[in-house]
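First the structure, in the form of structure tokens, and then the observations on it.
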Ligand SMILES: CC(C)(COP(=O)(O)OP(=O)(O)OC[C@H]1O[C@@H](n2cnc3c(N)ncnc32)[C@H](O)[C@@H]1OP(=O)(O)O)[C@@H](O)C(=O)NCCC(=O)NCCS
Ligand SMILES: CC(C)(COP(=O)(O)OP(=O)(O)OC[C@H]1O[C@@H](n2cnc3c(N)ncnc32)[C@H](O)[C@@H]1OP(=O)(O)O)[C@@H](O)C(=O)NCCC(=O)NCCS
């Protein structure tokens, strides 16, 4: 059992980097942490993304894409030895005028208790700290409500129209 | 008068970089060139974007945004001494899985003769050469036709939905 006391500010910074922040958890036996700096095991990341139903992508390309990603957020279930990745989001963009959110995922066994919303909050706050002016994303039709409730505007609404080219 | 003969492969590479390419021009007295490498005068770039009706942005932020932009395409009207910027597009993204096109513009006096289409073709080919899998963009409602004719899919069409957060 992991007790909350194991997560001192020193441990937080050392294991997750200086921009890490605890994520509110509905289970007091579990410490959850947002990190921009803790590096990902690509196998663990792909397992998470597969668990939410996305198809596997070539590891080499995922690594290259992550290397050129503006902001990578991991949501970790803290453990002193083996933190586990339970959520993820990443943003591309220029970090000033534009950012675009991709690959938002909460592991199925952690879904439905508010973590997705906390993940988006942390991600948007991190972009705001960078000074980004405008944030965009593309969502699957099944999660439109998830974003609308959090204040996102669905396009086209007469203001902007979104296109896709594959 | 600028004669076509002034644009040898050597001049092209020297003035516009090795990925430069001539753009078909309906006026044989004008040589037009796509370049990824020729650097922009930020004042000239903002004048172009203002000429198509966009509001001025702080120069320092534009410079920072360009520094963190994956692909910047300039369309230049060739002149041995003073090439003039007549078109522009840029893309953010990770260069592997995702890219997003922003700030597509052709100077009003050069519009309507196919240059916008050539600019998009050159931009998409450059992304393809990088190996980018998927390209997205947000368009003003007034230019939806421009993109649809070139094979872009307007979203949401039931497959993906686009969101905007400002
Ligand atoms: C979408 C996802 C990130 C949401 O994470 P989560 O932790 O389950 O969401 P939360 O518990 O924070 O939900 C916040 C709110 O959104 C709602 N919500 C969550 N998932 C939703 C969905 N799929 N559709 C509609 N509403 C949803 C919740 O009911 C909750 O509403 P409330 O504030 O009224 O209680 C998660 O379900 C997931 O990873 N899904 C699979 C991958 C995916 O589709 N990602 C989105 C990429 S476009
Ligand atoms: C949109 C823009 C880049 C198009 O450039 P352009 O050089 O005038 O376009 P082209 O001449 O290559 O046009 C290609 C085709 O699109 C059509 N088209 C061009 N502009 C259009 C518009 N605003 N709406 C609908 N169709 C348009 C043309 O009629 C042409 O059709 P055709 O193939 O049947 O002849 C240019 O008008 C521009 O800079 N506009 C202002 C900025 C802007 O809105 N940019 C888009 C950002 S979202």
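Chains as they are written, first to last, in UniProt numbering: chain F, 1 to 166; chain W, 1 to 166.
We put the beta carbon where it would ideally sit given N, CA and C, even for glycine.
For ligand 1, a non-hydrogen atom lies closer than 8 Å to the CB of residue 146(F). Taking the C-beta atoms as reference points, residue 122(F) is found nearer than 9 Å to residue 73(F).
Following the DSSP letters along the chain, one finds residue 7(W) in no beta strand (DSSP E), marked with neither H nor E.
Counting along the chain, the unbroken alpha helix (DSSP H) around residue 144(W) starts and ends at 144 to 148. Between residue 33(W) and residue 83(W), the C-beta gap is smaller than 9 Å, which places the two residues in contact. The alpha-carbon separation between residue 152(F) and residue 63(W) amounts to approximately 28 Å. Beta-bridge partners of residue 73(F) (DSSP): 89(F). Less than 9 Å separates the beta-carbon of residue 31(W) from that of residue 78(W).
Using a cutoff of 8 Å, the CB of residue 72(F) does not count as near ligand 1, since none of the ligand's heavy atoms is closer than that. If you look at residue 65(F), you'll find it isn't in any beta strand (DSSP E); it sits in the alpha helix (DSSP H) that goes 59 to 67. Inclusion of residue 48(W) and residue 86(W) in the CB contact set at 9 Å is warranted, their separation being smaller than that value. Residue range 161 to 165 is occupied by the beta strand (DSSP E) that includes residue 162(W). Excluding sequence positions up to five before and after residue 113(F), its CB lies within less than 6 Å of the CB of 26, all in the same chain and listed in chain order. For secondary structure counted as the alpha helix (DSSP H) over 4 or more consecutive residues, the segment 98 to 159 of chain F holds these complete runs in sequence order: 115 to 130 and 144 to 148.
In the DSSP assignment, residue 32(W) forms a beta bridge with 23(W) and 77(W). Looking at the DSSP output, residue 56(F) shares a beta bridge with no other residue. If you compare the alpha carbons of 59(W), 41(W), 115(W) and 17(W) with that of residue 150(W), the shortest gap goes to 115(W). Closer than 9 Å to the CB of residue 76(F) there is not a single CB belonging to chain W.
Spatial neighbours of residue 89(F) in its own chain (CB-CB distance under 7 Å, excluding positions within 5 residues in sequence) are listed in chain order as 73, 101, 103, 104, 119 and 123. Contact residues of the segment 94 to 109 of chain W toward chain F are 94, 95, 96, 97, 98, 100 and 102 (C-beta to C-beta distance below 7 Å).
The Cβ atoms of residue 54(F) and residue 160(W) lie no closer than 9 Å to each other. Note on geometry: alpha-carbon atoms of residue 35(F) and residue 128(F) lie some 16 Å from one another. A residue is called buried once 16 or more other Cβ atoms fall within 10 Å of its Cβ, and residue 81(F), having fewer, is exposed. Taking the beta carbon of residue 140(F) as reference, the chain W residues within 8 Å of it are 160 and 161, listed in sequence order. Relative to the non-hydrogen atoms of ligand 2, the Cβ of residue 40(F) never comes closer than 8 Å to any of them.
DSSP places residue 43(W) in the uninterrupted alpha helix (DSSP H) bounded by 42 to 51. Counting only the Cα atoms, residue 41(W) lies some 20 Å from residue 92(W). In this structure, ligand 1 has no non-hydrogen atom nearer than 8 Å to the beta-carbon of residue 124(F). Identification of residues in the segment 144 to 157 of chain W having a C-beta nearer than 9 Å to some C-beta of chain F yields 144, 147, 148, 150, 151, 152, 153, 154, 155, 156 and 157, given in sequence order. Shown in chain order are the members of the segment 25 to 57 of chain F whose Cβ falls below 9 Å from a Cβ of chain W: 57.
Any Cβ of chain W closer than 9 Å to the Cβ of residue 116(F) would place that residue at the interface, and such an atom is absent.
Not one heavy atom of ligand 1 sits closer than 8 Å to the Cβ of residue 96(F).
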